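Worksheet: one structure, shown below.
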């Protein structure tokens, strides 16, 4: 009987947009002529037509011992770097493949309980260390052992062109590409100007032209040079600037408040947010908090960004709370946010709209909006 091989390959490494996917697959032994016959059709996914990949993906899913997928989102690629992102996705793919073969898999902690996808992927894989493996060897396409440092590292053989030479790696490549291509086609309906249904995020001429015309969207990888350059050119005129501006902002939990204070504050902010939207503002962020500051509402209108401080009092004038100390804190908060954006998006502050500080006054048991007005422009 043939040794069972776990084949691993990635899709989307060089894409300017969309997630990175790693596929993992174990095929059945080629002892039978039937298995040998259909597996002979497997090859590098890039050499197959889209329709043929779709057909073979169905065969693989129904005939394989097991398949697994692992992915890393664009913002994580920007944060982790491509090498760590590949390790993370590979560990997730291998863990999912092993888990899919178990009748009683272990309880896997929720990814939300970990500070990063990287930590979760390692913990997920480590949880399977004492379970039987459905393979004898692992072959990864390319020169890097992305399972180094795990209990699987000694099973790995690295092989260039493995997606062409090894059927299990071909199958992993096909599964990952078909799944990712479908996902990018779905994203194309949400962000139609880039042609994701055709280029699946890669830097084709048409895609680059759209980037330079409209700027990036939240699916783009800002650590990739063409995306950085497009934002520097477009600045706040980016079609999707509203959605991407606070994508990676380092939020922290809100400071503890009494239940009553939180309920009253949230209600007052809802009233102000509704007013701003009715006035033509787009809400970019609510309750943006770090260890250093907090901002109640950030909105955008006519190319300008507004930082609104919401003040509520059941009795008395809410604006009494805006003293020189509070005003200074508001200025510092706005400056900190703008500094973050210029650094994270790698652009000149001149490409970003000058922020406007504003205050909203809400009072009474009926949460009446007294006034909203800018303090500084």
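In the numbering used here, the protein residues as written are 1219 to 1595. Ideal Cβ positions, reconstructed from N, Cα and C, are used throughout, including at glycine. Please read these numbers as outputs of a predicted model, since none were measured by experiment.
Our contact map puts residue 1439 next to residue 1235 with C-beta atoms below 8 Å; I'd like the distance itself, whole angstroms only. 7 Å
Anticipated Cβ contact below 8 Å, residue 1587 with residue 1575, distance rounded: With a Cβ gap of about 18 Å, residue 1587 and residue 1575 do not count as contacting.
Cβ separation of residue 1223 and residue 1353, assumed to be a contact under 8 Å, to the nearest whole Å
6 Å
Quiz item: Terminal residues of the continuous beta strand (DSSP E) containing residue 1525?
Solution: 1522 to 1531
Compare the Cα-Cα distances from residue 1233 to each of 1343, 1421, 1446 and report the closest residue.
1421
Would you mind stating whether residue 1610 and residue 1263 have Cβ atoms separated by less than 9 Å?
Here the chain covers residues 1219 to 1595 and nothing more, so residue 1610 does not appear.
*Would a C-beta distance cut-off of 9 Å place residue 1555 and residue 1573 closer than the cut-off?*
yes
Based on the DSSP secondary-structure assignment, which residues constitute the bridge partners of residue 1506? 1513
In angstroms, rounded to a whole number, what distance separates the CA positions of residue 1604 and residue 1428?
Residue 1604 cannot be examined here, being either before or after the span of the chain that is shown, 1219 to 1595.
Check whether residue 1307 and residue 1373 have beta carbons under 9 Å apart
no
Mapping the DSSP letters down to three states, classify residue 1346 as helix, strand or coil. coil
In the DSSP assignment, find the beta strand (DSSP E) that holds residue 1238 and state where it starts and stops. 1238 to 1244
Given residue 1580, which residues of its chain have a CB within under 6 Å of its CB, disregarding the five upstream and five downstream residues?
1486, 1489, 1530, 1587
Name the DSSP beta bridge partners of residue 1573, please?
-> 1523
Exercise. Confirm, please, whether the CB-CB distance from residue 1389 to residue 1285 is below 9 Å.
Key: yes
Notebook entry, point to check: Looking at the structure shown, is residue 1384 part of a helix, part of a strand, or coil, going by DSSP?
Noted result: coil
What is the residue span of the beta strand (DSSP E) that residue 1278 lies within?
Looking at the DSSP string, residue 1278 is not in any beta strand (DSSP E); the run it does join, the alpha helix (DSSP H), is 1268 to 1281.
query: What separation, rounded to the nearest whole angstrom, lies between the Cα atoms of residue 1519 and residue 1500?
result: 6 Å
Excluding sequence positions up to five away, which residues of its chain have a Cβ less than 8 Å from the Cβ of residue 1380?
1225, 1227, 1357, 1358, 1359, 1360, 1387
Measuring straight from C-alpha to C-alpha, what distance separates residue 1242 and residue 1523? 45 Å
- In three-state DSSP terms, what is residue 1334? coil
| Going by DSSP, what residues sit across from residue 1589 in a beta bridge? | 1579
Are the CB atoms of residue 1283 and residue 1310 nearer to each other than 9 Å? no
Every unbroken alpha helix (DSSP H) inside the segment 1386 to 1429 [4 residues or more]: 1414 to 1417
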